[in-house]
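Heads up: the structure comes next, in structure tokens.
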Amino acid sequence: MAGTYTLRFILFFFILFFFILSVLLAMARGQAPTNSDWLLKIKSELVDPVGVLENWSPSVHVCSWHGISCSNDETQIVSLNLSQSRLSGSMWSELWHVTSLEVLDLSSNSLSGSIPSELGQLYNLRVLILHSNFLSGKLPAEIGLLKNLQALRIGNNLLSGEITPFIGNLTNLTVLGLGYCEFNGSIPVEIGNLKHLISLNLQQNRLSGSIPDTIRGNEELEDLLASNNMFDGNIPDSLGSIKSLRVLNLANNSLSGSIPVAFSGLSNLVYLNLLGNRLSGEIPPEINQLVLLEEVDLSRNNLSGTISLLNAQLQNLTTLVLSDNALTGNIPNSFCFRTSNLQQLFLARNKLSGKFPQELLNCSSLQQLDLSGNRLEGDLPPGLDDLEHLTVLLLNNNSFTGFIPPQIGNMSNLEDLYLFDNKLTGTIPKEIGKLKKLSFIFLYDNQMTGSIPNELTNCSNLMEIDFFGNHFIGPIPENIGSLKNLIVLHLRQNFLWGPIPASLGYCKSLQLLALADNNLSGSLPSTLGLLSELSTITLYNNSLEGPLPVSFFILKRLKIINFSNNKFNGTILPLCGLNSLTALDLTNNSFSGHIPSRLINSRNLRRLRLAHNRLTGYIPSEFGQLKELNFLDLSHNNLTGEMSPQLFNCTKLEHFLLNDNRLTGTITPLIGNLQAVGELDFSSNNLYGRIPAEIGSCSKLLKLSLHNNNLSGMIPLEIGNFTFLNVLNLERNNLSGSIPSTIEKCSKLYELKLSENFLTGEIPQELGELSDLQVALDLSKNLISGKIPSSIGNLMKLERLDLSSNHLIGEIPTSLEQLTSIHILNLSDNQLQGSIPQLFSDFPLTSFKGNDELCGRPLSTCSKSASQETSRLSKAAVIGIIVAIVFTSMVICLIMLYIMLRIWCNWRKVSVISSSDGSGNEHGREEVKWVYRNDKNVGQYWKVDSVTF
Ligand SMILES: *[C@@H]1O[C@H](CO)[C@@H](O)[C@H](O)[C@H]1NC(C)=O
Ligand SMILES: *[C@@H]1O[C@H](CO)[C@@H](O)[C@H](O)[C@H]1NC(C)=O
Ligand SMILES: *[C@@H]1O[C@H](CO)[C@@H](O)[C@H](O)[C@H]1NC(C)=O
Ligand SMILES: *[C@@H]1O[C@H](CO)[C@@H](O)[C@H](O)[C@H]1NC(C)=O
Ligand SMILES: *[C@@H]1O[C@H](CO)[C@@H](O)[C@H](O)[C@H]1NC(C)=O
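All the letters of the sequence shown, read from the start, carry residue numbers -30 to -1, 1 to 919 under mature numbering (1 follows the signal peptide of the UniProt record, and there is no 0).
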């Protein structure tokens, strides 16, 4: 590489040397270098892969050189045209010596370098065309010296910087092309000096600022292209005075304000594009005067008001795009006329209301009609087939009601039919089968009924069928296999019954098959094994049964399988070896046999859910190789043996559920590898041994359930690392020791259950820090001693508190009066004493039984302890109480007096008031306490996402 580089370098200097030598020699002979000398120098600097400059040699007269034209007397080079010659390199160094040039066209090459200021010396230039190269740098101010320039086209280069104001000196310019560069800054006001400009192209630059008012000076302008810049401010009214304008494209800028009424002056306008700005206000109806308009796009603005543009007036219109605005009102009845030429009408995503206008059917030339995303309602017109040229009909996301008219079958050009998200009822008309060109039929999210007509299978071009979320009944058409081009079949959430037709296997293009949430029955046809393109198959929530066809094993493209909630049985062997599989969900079936270790051929498996089946045997240790595994749910089976340590190599696991099996052995310290795990449930197995301290590394845990095992030893201090933990359930084990005070760090705990163990020591004061505890705090059936810490009173959200069957002593702390959310309380079978707080007096007896020295409602009253209470009160308190009693009795006397007076007046009325304000309300509150159960949050804090199709 370096070698050739040096070689070129040497060659370059060699040529340069000879050039300078020849110039010097020429000068020595008393001659100035001629144009041909300069041109040869230029040739030497260009890379010319196809040899267009081959005849550029001293032996040939310069006027015969390729690309060069001379004056009639062959004394002057007037034109150099080397466009599309695949030239590269830079050619500027000497070109400016050829001052006779009138036309220079080097467009569509690969020329690089910048345009030098010497360019200004080519004062004879009339035409300068350099577009489509790799020229960079600024446009030099000296361009303004080229007074004779009529056409300047330098777009599609890498030119940058501001557009020089001296461009305004080129008063004879008719064509100015600066598009597709990197120019920035604003349009110079001097642009208005270009009185003869016909075409101005500024598209796709980084120009900003507002469009100058002086633009009115371009009074012969026909094409103004300024799209894809950053122009802001209003569109100047003065644009409206350029009568000659035929094409106006200001799309994709940041223009604001309204569309100038002055546009009504643009009587020659054929093309108007203002899409993707911030224009607001109404569309001026005066635009209707621009009768030559053929294409109008005002989409993606904030235009409001009604549709004021009428095809009936703009009779040359072929395309009208008003989508993505805030237009309101009806589609005007008078919109169309009989011999309309309108081909495209896009009114999507506005706020249009009213019915499908009958008169729109007059626009019989329409090919594409998009009224989606509005508030249109009423029936679809039966005469829809008047639009016989229609290929695209998008009426989705409206409120259309009624049936799909059978006349739709006459729209023989229809390719895309989007009617989803409406309120359509009725059946799919049989006539749909006549639509031979139909590719997409989307009827999802409606309320359609009846069965899927067999005739649909005549639409042999169908690629996507989506009928999700309707009320379709009956079987899937037997003949569905004739749809050879079908890619998507989505029939989820209907009431389809019967078997999956065997012919489905002949839809050989099928990639997505979603039949979930129906009443399908029978077993899977083995022909499904022919669907070699299939990538997703979801059949959950049906009544499918029998074993899986062995042919499944060859579906190498399958990525997602969800067969959950059916009655499949047999083994899962046919699903082994699918190397593209990422999600396999067989939850809640009757699969039996072992879990095949060959499942690991699906290297990219992320979700594996086999819960609620009848699987037996070991969990294959090879699963440790599934490095992408994120969700492993094998719960509710009949799995045995120990958990292999290799399993804990699946370090991306976030959900790890092995509960309700018959697993044995200990929990390995390798559990600390699972640093991503959020949900860990090993409950209801036969695990024994300690909970390893290493579990503390699983610091992202949200739910930890190890209950119903034989775990022993202490609860590790490291549970304090679980700062996100919502649920901790260690019930029904053999755990001993005290509850670690580090539990206070688990500040997100929502549910804490440690009952039925052998825990000792006191309830840690720190439990009171867990102010999110809501669902339950259950420490029952342990050996816990000491007093109930008063900090428990801080657990204001707690709904269920069970401390029963321990060795707790002392009084129930008065702070517990703050636990106003409690609806299940059990303090029974301890050694508590003293009076029961007032708040708890409505709880049943069983909440407190087995505490011999406890008194007060609902137990027997405790007079003695009450007097003890008073004796402890301070003098001030005593005085306070006396004052209060005196005051209260006075108030009561006054009220009684008042009541007696009222009775005197109207005894009936008083009796009604007192009964509703007194006992009635009391009774109501009790009801609330016992009946009300805040189930709303339960389960909500724990999000388990699922594949939905
Ligand atoms: C442009 O024209 C103005 C006024 O006619 C003159 O002063 C100026 O020098 C010119 N500049 C160039 C670069 O042509
Ligand atoms: C502009 O062109 C006209 C003829 O088309 C010519 O007479 C006039 O001199 C030109 N103006 C300039 C400034 O070159
Ligand atoms: C456009 O309108 C003009 C005048 O109204 C008419 O002469 C012309 O034929 C129309 N062009 C098309 C394509 O309809
Ligand atoms: C699977 O279920 C079918 C009925 O659905 C039954 O006939 C068959 O015996 C079952 N097979 C096994 C292995 O349980
Ligand atoms: C699990 O297997 C055992 C022994 O094979 C059997 O007795 C038991 O019924 C099975 N349990 C379930 C839920 O299938």
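For each residue, glycine too, the CB sits at the ideal point set by N, CA and C.
On the three-state DSSP scale, how would you describe Tyr150? Indexing the sequence shown from 1 puts residue 150 at position 180. In the three-state DSSP reduction, Tyr150 falls in the coil class, being neither helix nor strand.
Any idea which residues DSSP pairs Ala121 with across the strands? The sequence position of residue 121 within the sequence shown is 151, counting from 1. Among the bridge pairs identified by DSSP, Ala121 is matched with Val97 and Val145.
Can you have a look at Lys213 and say buried or exposed, based on whether 16 or more other CB atoms are within 10 angstroms of its CB? Residue mapping note: residue 213 aligns to position 243 of the sequence shown, counting from 1. Exposed is the call here.
Can you check whether the CB of Cys151 is closer than 7 Å to the CB of Asn127? Position 157 of the sequence shown holds residue 127. Position 181 of the sequence shown holds residue 151. Yes. Within cutoff.
Residues near Asn535 in its chain [Cβ-Cβ closer than 6 Å; skip 5 each side]: Residue mapping note: residue 535 aligns to position 565 of the sequence shown, counting from 1. Answer for Asn535: Tyr510, Asn511 and Asn558, listed in chain order.
So, with DSSP's three-state summary, where would you put Leu170? Taking the sequence shown and counting its residues from 1, one reaches residue 170 at position 200. Note: Leu170 maps to strand in three-state DSSP.
DSSP has Trp467 in a bridge; who is on the other side? Reading the sequence shown from its first residue, position 497 is the one you call residue 467. Beta bridge pairing from DSSP links Trp467 with Asn489.
Given Gly251, which residues of its chain have a CB within under 8 Å of its CB, disregarding the five upstream and five downstream residues? As a position in the sequence shown, residue 251 is number 281, starting the count at 1. Excluding residues within five positions, the ones whose Cβ falls inside 8 Å are Gly227, Ser228, Ile229, Leu273, Ser274 and Gly275.
Exposed unless 16 or more other CB atoms sit within 10 angstroms - verdict on Lys11: By 1-based counting over the sequence shown, the position of residue 11 is 41. Lys11 should be labelled buried.
Hey, how far is the Cα of Glu72 from the Cα of Leu57? One-based indexing of the sequence shown puts residue 72 at position 102. One-based indexing of the sequence shown puts residue 57 at position 87. Straight-line measurement puts the Cα of Leu57 at about 21 Å from the Cα of Glu72.
Comparing the CB of Gly492 with every heavy atom of ligand 4, is any distance shorter than 6 Å? For the purposes of this step, residue 492 is taken as residue 522 along the sequence shown, with counting starting at 1. In this structure, Gly492 has its beta carbon at no less than 6 Å from each heavy atom of ligand 4.
Could you please give me the residues that DSSP links to Asn204 through a beta bridge? On the sequence shown, residue 204 is found 234 positions in, with the first residue counted as 1. Answer by DSSP bridge pairing, in chain order: Ser226.
Are there any heavy atoms of ligand 4 lying less than 6 Å away from the beta-carbon of Gly587, as far as the coordinates show? Numbered from 1 along the sequence shown, position 617 holds the residue referred to as residue 587. Taking 6 Å as the cut-off, one finds no heavy atom of ligand 4 near enough to the beta carbon of Gly587.
I need the boundaries of the beta strand (DSSP E) containing Asn704, first residue and last residue. Locating residue 704 in the sequence shown gives position 734, counting from the first residue. For Asn704, the enclosing beta strand (DSSP E) begins and ends at Asn704 to Ser708.
So the candidates are Leu191, Asp812 and Arg248; which of them puts its Cα closest to the Cα of Leu239? By 1-based counting over the sequence shown, the position of residue 239 is 269. Out of Leu191, Asp812 and Arg248, Leu191 has the C-alpha closest to the C-alpha of Leu239.
Cβ of Leu604 within 7 Å of Cβ of Leu628? By 1-based counting over the sequence shown, the position of residue 604 is 634. By 1-based counting over the sequence shown, the position of residue 628 is 658. Yes, these two residues count as a Cβ contact at 7 Å.
Check whether the Cβ of Asn607 sits closer than 6 Å to any heavy atom of ligand 4, and report yes or no. Sequence index remark: in the sequence shown, residue 607 carries index 637 (1-based). Not under cutoff, so the answer is no.
Cβ-based burial, Tyr93 [other Cβ within 10 Å; buried from 16]: Translated into the one-based positions of the sequence shown, residue 93 becomes position 123. With fewer than 16 other Cβ atoms within 10 Å, it is exposed.
Thr4 burial status per 10 Å Cβ neighbour count (16 or more: buried): Against the sequence shown, residue 4 aligns to sequence position 34. Thr4 should be labelled exposed.
DSSP state of Met418 mapped onto helix, strand, coil: Sequence index remark: in the sequence shown, residue 418 carries index 448 (1-based). Three-state result, Met418: coil.
Candidates Glu503, Cys825, Gly107 and Gly499, of which the one nearest Ser523 by Cα: For the purposes of this step, residue 523 is taken as the residue at position 553 of the sequence shown. Checking the sequence shown, residue 523 turns out to be Phe, not Ser. Checking every option, the nearest Cα to that of Phe523 belongs to Gly499.
My output table needs one value for Cys33: the three-state DSSP class, helix, strand or coil. Taking the first residue of the sequence shown as position 1, residue 33 is located at position 63. It is helical.
Does at least one heavy atom of ligand 4 sit under 6 Å from the Cβ of Asn539? To locate residue 539, count along the sequence shown from 1; it is residue 569. Yes; taking the cut-off as 6 Å, the Cβ of Asn539 has a heavy atom of ligand 4 nearer than that.
Does DSSP classify Phe522 as helix, strand or coil? As a position in the sequence shown, residue 522 is number 552, starting the count at 1. Three-state result, Phe522: helix.
Identified DSSP bridge partners for Met684: Looking up residue 684 in the sequence shown gives position 714. In DSSP, Met684 forms a bridge with Ser706.
For Phe233, name the three-state secondary structure that DSSP assigns. Along the sequence shown, one-based indexing puts residue 233 at 263. Phe233 falls in the helix class under three-state DSSP.
Does the separation of the CB atoms of Pro135 and Pro158 fall below 7 Å? Position 165 of the sequence shown, counted from the start, is the residue given in the question as residue 135. Position 188 of the sequence shown, counted from the start, is the residue given in the question as residue 158. Yes, Cβ-Cβ distance for Pro135 and Pro158 is below 7 Å.
Rounded to whole angstroms, what is the Cα-Cα separation between Val898 and Ser817? In the sequence shown, counting from the first residue as 1, residue 898 sits at position 928. In the sequence shown, counting from the first residue as 1, residue 817 sits at position 847. Only weak support exists for where Val898 lies, its pLDDT of 27 falling under 50; the value from the coordinates is given anyway. So the alpha carbons of these two residues sit roughly 18 Å apart.
Grouping DSSP H, G and I as helix and E and B as strand, with all else coil, what is Gln283? Sequence index remark: in the sequence shown, residue 283 carries index 313 (1-based). Gln283: coil per DSSP, three-state reduction.
Expected contact under 8 Å - CB spacing of Arg270 and Gly235 to nearest Å: Sequence index remark: in the sequence shown, residue 270 carries index 300 (1-based). Sequence index remark: in the sequence shown, residue 235 carries index 265 (1-based). Rounded, the Cβ-Cβ distance is 25 Å, inconsistent with contact.
Take the Cβ of His625 as the centre, count every other Cβ of all protein chains shown within 10 Å, and call the residue buried at 16 or more, exposed below. Mapped onto the sequence shown, residue 625 falls at position 655. Burial check for His625: the Cβ neighbour count within 10 Å reaches 16 or more, so the residue is buried.
Any heavy atom of ligand 4 inside 6 Å of the beta-carbon of Glu515? As a first step, residue 515 must be located in the sequence shown, where it is residue number 545. Short note on Glu515: C-beta closer than 6 Å to some heavy atom of ligand 4.
In three-state terms, what does DSSP make of Ser80? Position 110 of the sequence shown, counting from 1, holds the residue named residue 80. In this structure, Ser80 counts as strand in the three-state DSSP scheme.
Near Pro86, what residues of its chain come up, given a Cβ to Cβ distance below 6 Å and the 5 sequence neighbours on each side ignored? Numbered from 1 along the sequence shown, position 116 holds the residue referred to as residue 86. The answer, listed in chain order, is Trp62.
Have a look at Leu360, Asn489, Gly731 and Val745 and flag the residue whose alpha-carbon is nearest the alpha-carbon of Pro759. Numbered from 1 along the sequence shown, position 789 holds the residue referred to as residue 759. For Pro759, the nearest C-alpha among the options comes from Gly731.
Between the C-alpha atoms of Phe465 and Gln417, what's the straight-line distance to the nearest angstrom? To locate residue 465, count along the sequence shown from 1; it is residue 495. To locate residue 417, count along the sequence shown from 1; it is residue 447. Taking the CA atoms as reference points, Phe465 sits about 12 Å from Gln417.
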